[in-house]
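Enquirer: Can you keep this structure in mind? I'll have questions shortly.
Encoded structure:
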């Protein structure tokens, strides 16, 4: 995938996330990308001087032993392909995987204890929790129809991620 293709795919995926009110995913990824990618680098050595040059005292036979070069951690920008791959992974983790987990939890709750002879149909779950003031609040979770194309979305995002790695 070229830089231009990665940038175009980023723009398209960003527009989709914004359209479906998932711009928070995009904002979090952009904040992560602004921090940059840590990269270890070697310090460039300046030219070697003769042993006696630049010393206060002339000491015979004193030589510096060669050792590993000093290293430091630099922060560099992500490439367009890396940026796209990170956005795709964030989208999978924020949209696709939680929805799959939600679907599996509802299926588990509906399993009957005595087999298929008496199936359970759960449409809503009421969750009650206390506020800091001690008042109970009730939230209702409703089962949403499964997204039939969720596995297709997952495959498409994973294919984009693979192409961005090439």
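Residue numbers (our numbering): 2 to 167.
In this text, a Cβ means the ideal position worked out from N, Cα and C, and glycines have one as well.
#1: By Cβ distance, which residues of its chain are closer than 7 Å to residue 34, with the 5 residues on each side in sequence left out?
#2: Does the beta-carbon distance from residue 4 to residue 82 come in below 9 Å?
#3: Can you tell me where the beta strand (DSSP E) with residue 126 in it begins and where it stops?
#4: Would DSSP call residue 10 helix, strand or coil?
#5: Name the residue from 39, 95, 23 and 123 whose alpha carbon lies nearest to the alpha carbon of residue 74.
#6: For residue 29, which option in 130, 41, 92 and 44 has the closest C-alpha, if you only look at C-alpha atoms?
#7: Any idea what DSSP makes of residue 69, helix, strand or coil?
#8: Does DSSP put residue 3 in a helix, in a strand, or in coil?
#9: On a CA-only basis, which of 126, 89 and 27 is nearest residue 103? Give me that one, please.
#10: Kindly give me the distance between the Cβ atoms of residue 41 and residue 72, rounded to whole angstroms, as I take these residues to be in contact under 8 Å.
#11: Measure how close the beta-carbons of residue 162 and residue 89 come, nearest whole angstrom, since I'm counting them as under 8 Å.
Expert: So, to answer that:
#1: Position 33 of the chain shown, counting from 1, holds the residue named residue 34. Within the same chain, residue 34 has close Cβ partners 79, 84 and 87.
#2: Taking the chain shown and counting its residues from 1, one reaches residue 4 at position 3. Taking the chain shown and counting its residues from 1, one reaches residue 82 at position 81. A contact, by the Cβ cut-off of 9 Å.
#3: Numbered from its first residue, the chain shown carries residue 126 at position 125. Looking at the DSSP string, the run of the beta strand (DSSP E) that includes residue 126 is 125-131.
#4: Taking the chain shown and counting its residues from 1, the one referred to as residue 10 is at position 9. Looking at residue 10 - three-state DSSP - the assignment turns out to be helix.
#5: As a working mapping, residue 74 is identified with position 73 in the chain shown. Ranking 39, 95, 23 and 123 by Cα distance to residue 74 puts 39 first.
#6: As a first step, residue 29 must be located in the chain shown, where it is residue number 28. The option with the nearest alpha carbon to residue 29 is 92.
#7: Position 68 of the chain shown, counting from 1, holds the residue named residue 69. Coil.
#8: Residue numbering aside, residue 3 sits at position 2 when the chain shown is read from its first letter. Here residue 3 sits in coil by DSSP.
#9: Mapped onto the chain shown, residue 103 falls at position 102. When each option's Cα is compared against that of residue 103, the closest is 126.
#10: For the purposes of this step, residue 41 is identified with residue 40 of the chain shown, where counting begins at 1. For the purposes of this step, residue 72 is identified with residue 71 of the chain shown, where counting begins at 1. Sure, about 5 Å apart at Cβ, within 8 Å.
#11: Residue mapping note: residue 162 aligns to position 161 of the chain shown, counting from 1. Residue mapping note: residue 89 aligns to position 88 of the chain shown, counting from 1. Right, their Cβ atoms sit about 5 Å apart.
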